[in-house]
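Written out below as structure tokens is the structure these notes cover.
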Amino acid sequence: MRPAVSGGTMKQSSSEASPWERRGALALGALFAAFVALHFYNALYGQFEPLVQRPIFIGFGLGGAFFLYAARAARTGGRSGLERAIDITLGLLAFGVCLYVILNRDRFSDIMVQYGPLDKAAGLLAVLLTLEAARRVIGWFLPLLALITVLYYYLGYDLIDGGWRPPRVSARTAVETFYSSTTGIFGYLADVGARVITIYVLLGALLLSTGATDVFMKMATWIAGRTFGGPAKVCALSSALFGTVTGSAVANVMATGSITIPTMKRLRYPPAFAGAVEAVASSAGQLTPPVMGAGAFIMAEFLNIPYTQIAVAAIGPAFLYYLAIWLGVDLYARRTGLQPTPKNEMPKLADFLAPDKAIPLFLPIATVVYCLFQGYTPGFAGAASIIVLILAGAVVRPFGRDAREQGLQACWTGLASDVYKGMVEAGRALVMIAALLACAAIVVKVLTATGAGVKISNLLFSVSDQGLIVALLLAAVLSIVLGMDVPTTASYVLAAAVAAPSLVRLGLPELTAHLFVFYYAILSAITPPVCASVYAAAALAGASFWKVAGRALSLAGAVYVVPFLFVFRPGILAQGGTGQVILDVGVASAAVFAVSVGFSGYFRGTLSFTGRGLFLATAALLFYAAPMADVVGGAALIGLLAWRFLRGERQTVSTG
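Going by the working numbering, the letters in the sequence shown line up with residues 5 to 660, in that order.
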């Protein structure tokens with residue numbers, strides 16, 4: 005995935021920019037800030053009608069994508085003035101086609117509406133601009149897939165025979181499907197983006213702009229830095245903390261990896277290992293409650309259930325994911341002799357628990373959790389937490405070290421500057437999200453309007469011969485393939501449309517089926533050959549992509565089996581009584597431990613091939629959800645642990 009519009013790549017030095025470029029950058033920043041401020045207002049006081057709110061959201065995303073390209077070209081000089089003018093024109097057209105919907109919403113809502121040439125031209129232009137904007141910000145895969153589905157929808161009747169032949173559609177139907185109604189581009193994905201995702205992107209950006217990254221890093225170092233492989237474990241823990249407020253694997257890598265990877269390399273960690281740890285750890289932030297990524301909010305809309313139900317269900321999978329990473333890092337560190345963080349680099353409690361640092365970070369997160377569990381809408385909960393964040397910063401910052409050194413006025417001015425920067429960065433991030441959702445909506449609409457989604461689901465169902473294991477394997481592979489070169493949100497949306505229904509037909513609860521494909525959509529970010537997190541981490545580590553990818557797969561070996569565990573052990577998803585939850589999480593943790601030992605080939609000494617096989621065979625027993633398998637697998641694991649404690653070495657250092 006190309007980081008075309010990431011905040012880090014779009015900043016420019018005022019000393020290098022011309023006056024016109026500086027004015028353009030200021031205007032673009034003001035546009036972003038105004039956009040998120042409008043959605044903050046909507047979260048508190050209610051949304052506009054659908055054909056106003058959704059076109060505003062999509063129009064900003066599409067237009068912003070082109071404007072950002074023009075701004076970057078102006079900074080780098082990589083494109084001619086004519087090309088930049090074309091980018092600006094495309095951005096204005098994107099705003100224009102969305103404004104056209106807003107101005108004609110009453111006419112479009114009339115079932116007897118007659119579409120004229122201008123309506124059809126606007127509809128066609130909206131689709132083309134959506135595809136091009138998405139191509140610029142997330143790469144070619146999803147836009148190409150969307151283009152194929154559009155051609156299938158409109159031309160398929162004349163070109164295809166047999167069961168996959170779509171219904172005949174007219175130009176009027178196509179315009180109505182994709183453009184002039186609350187389906188297609190302005191459908192429920194745009195609704196979720198405008199109503200929920202925007203406010204949480206803003207919350208995450210404000211947390212980071214007001215100092216959350218530094219607090220997360222120091223807290224993670226204090227917790228994990230004293231153990232074997234401490235810096236790598238700090239990377240895993242800080243990525244979990246950071247990821248829960250960003251929901252973006254690549255953003256997570258770039259933010260925390262710029263600190264953790266150089267630290268690991270300085271302490272003689274192999275560059276490929278340092279990059280792999282960051283890539284694997286950063287990918288699960290979207291699975292980590294309480295503030296998960298955009299995919300979780302879309303899942304709540306798909307299933308028509310409270311977001312809190314998804315957040316609670318995700319606790320077990322997130323725990324098992326990070327347990328697998330922690331064990332992988334620990335075993336590798338013990339095998340290779342990687343030492344803890346030096347004592348002189350360990351932070352003190354006051355470094356991250358001082359009131360001026362901790363309260364503006366943890367109080368807003370606590371506010372989100374409280375509001376959600378009290379039944380408030382996710383949008384209102386996010387808006388309330390933003391208010392708490394700003395008020396907390398205004399109250400506690402005067403008591404911090406910065407205020408004592410710089411004065412009260414400078415303290416509040418700094419807070420205002422941080423808030424504005426957070427709003428601008430949120431706007432940048434929403435450009436990609438809005439373009440992604442609009443493009444994904446085209447694909448999903450074609451799948452539903454033509455019945456192709458049901459046909460693909462039926463095909464998976466028939467290929468699996470109604471066997472759940474085979475169906476799960478197919479769904480996992482499909483989710484990973486659909487995640488190539490696209491963000492997790494798009495991968496999940498597509499997989500949920502075609503793979504999840506077949507799993508539900510085989511008897512899985514809807515939430516379990518959707519979390520299964522969501523989990524593998526997340527893993528697509530670290531699965532070669534196209535894995536955005538690994539690319540980003542390899543660049544930061546200065547290591548070969550394939551070496552980082554190989555290390556990542558080895559480190560995350562146990563992670564790939566976790567979704568099968570919560571399919572067969574529903575207690576992991578907080579389903580069932582307390583006893584069921586404790587049993588399933590306990591057995592699953594033991595299985596993850598056994599897999600990690602088997603894959604790493606180390607536990608109190610290097611394991612032989614036979615020893616690794618015994619641990620993996622024990623894990624297979626623990627995977628099987630049956631009382632006798634639990635007893636036999638548990639006894640086998642206890643026996644293997646006793647063997648290693650009696651015969652194993654305390655530490656074996658190798659160069660692996």
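Don't be surprised by glycine CBs; every beta carbon is placed ideally from N, CA and C.
Spatially closest choice to residue i from the options, by CA coordinates
i: Tyr380; options: Leu96, Ala150 and Val200; result: Val200
i: Gln51; options: Gly383, Leu519, Lys449 and Val502; result: Gly383
i: Leu527; options: Glu305, Val254 and Leu544; result: Val254
i: Cys239; options: Leu35, Gly332 and Leu434; result: Gly332
i: Val141; options: Tyr161, Asn308, Ala433 and Thr186; result: Ala433
i: Val219; options: Ala37, Pro346 and Asp355; result: Asp355
i: Thr292; options: Val599, Ile319, Ala385 and Ala536; result: Ile319
i: Phe570; options: Ala285, Tyr628 and Ala598; result: Tyr628
i: Leu365; options: Gly617, Phe112 and Ala216; result: Ala216
i: Leu557; options: Tyr183, Pro505, Ala328 and Ala126; result: Ala328
Opening and closing residue of the alpha helix (DSSP H) in which residue i lies
i: Gln313; result: Tyr311 to Ala317
i: Cys375; result: Pro359 to Phe377
i: Tyr628; result: Taken as a continuous stretch (DSSP letters only), Tyr628 belongs to no alpha helix (DSSP H), as it is neither H nor E.
i: Asp114; result: First-last for Asp114: undefined, no H or E at that position.
i: Lys551; result: Phe549 to Leu559
i: Phe690; result: No answer is possible for residue 690: the residues shown for the chain start at 5 and end at 660.
i: Pro147; result: Phe145 to Leu163
i: Ala259; result: Ala253 to Arg270
i: Met303; result: Ala298 to Leu307
i: Glu514; result: Glu514 to Leu527
Cut-off 6 Å between Cβ atoms - residues of its own chain near residue i, not counting five sequence neighbours on either side
i: Val601; result: Phe607 and Phe619
i: Leu245; result: Phe220
i: Ala430; result: Val40, Val205, Leu206 and Ala209
i: Ala175; result: Lys124
i: Ala640; result: Thr622
i: Phe112; result: Ser184
Backbone CA spacing between residue i and residue j [nearest angstrom]
i: Gly132; j: Phe403; result: In the sequence on display, residue 132 carries Leu and not Gly. One C-alpha to the other measures close to 53 Å.
i: Val497; j: Val257; result: 23 Å
i: Val400; j: Asp360; result: 5 Å
i: Val117; j: Val485; result: 41 Å
i: Leu625; j: Ser593; result: 13 Å
i: Ala398; j: Arg509; result: 53 Å
i: Leu357; j: Trp226; result: 11 Å
i: Pro54; j: Gly191; result: 9 Å
i: Gln584; j: Ala578; result: 9 Å
i: Val295; j: Ile369; result: 8 Å
i: Tyr157; j: Val173; result: 8 Å
i: Gly677; j: Tyr424; result: Since the displayed the chain opens at 5 and closes at 660, residue 677 lies outside it and no answer follows.
i: Lys124; j: Ala304; result: 34 Å
i: Cys443; j: Ala322; result: 29 Å
i: Pro533; j: Gly554; result: 11 Å
i: Thr264; j: Thr531; result: 21 Å
i: Leu611; j: Ala315; result: 38 Å
i: Ala536; j: Ala529; result: 5 Å
i: Tyr326; j: Ala285; result: 7 Å
i: Leu376; j: Thr312; result: 6 Å
i: Ala224; j: Leu241; result: 6 Å
i: Met488; j: Asn108; result: 38 Å
For residue i, the three-state DSSP class (helix, strand or coil)
i: Tyr424; result: helix
i: Thr202; result: helix
i: Tyr496; result: helix
i: Tyr380; result: coil
i: Thr610; result: strand
i: Arg573; result: coil
i: Pro351; result: coil
i: Leu463; result: helix
i: Arg230; result: coil
i: Arg172; result: coil
i: Ser287; result: coil
i: Met5; result: Note that Met5 scores 39 on pLDDT, short of 50, meaning its location in the model is unreliable and no value can be drawn from it.
i: Phe649; result: helix
Same chain, Cβ closer than 7 Å to residue i, five either side skipped, listed in chain order
i: Gly457; result: Leu451, Ala501 and Val502
i: Ala337; result: Phe232, Gly233 and Ala236
i: Phe44; result: Ile203, Leu206, Ala387 and Ile390
i: Leu587; result: Gly575
i: Leu32; result: Phe71 and Ala75
i: Thr371; result: Ala388, Ser389 and Val392
i: Ala228; result: Gly234, Lys237, Val238 and Leu241
Own chain, CB closer than 8 Å to residue i, minus 5 neighbours either side, in chain order
i: Gly63; result: Ala98, Phe99, Val101, Cys102 and Leu103
Interface flag, residue i vs chain C, CB-CB below 8 Å
i: Phe627; result: Structure shown: chain C not included; a single protein chain is present.
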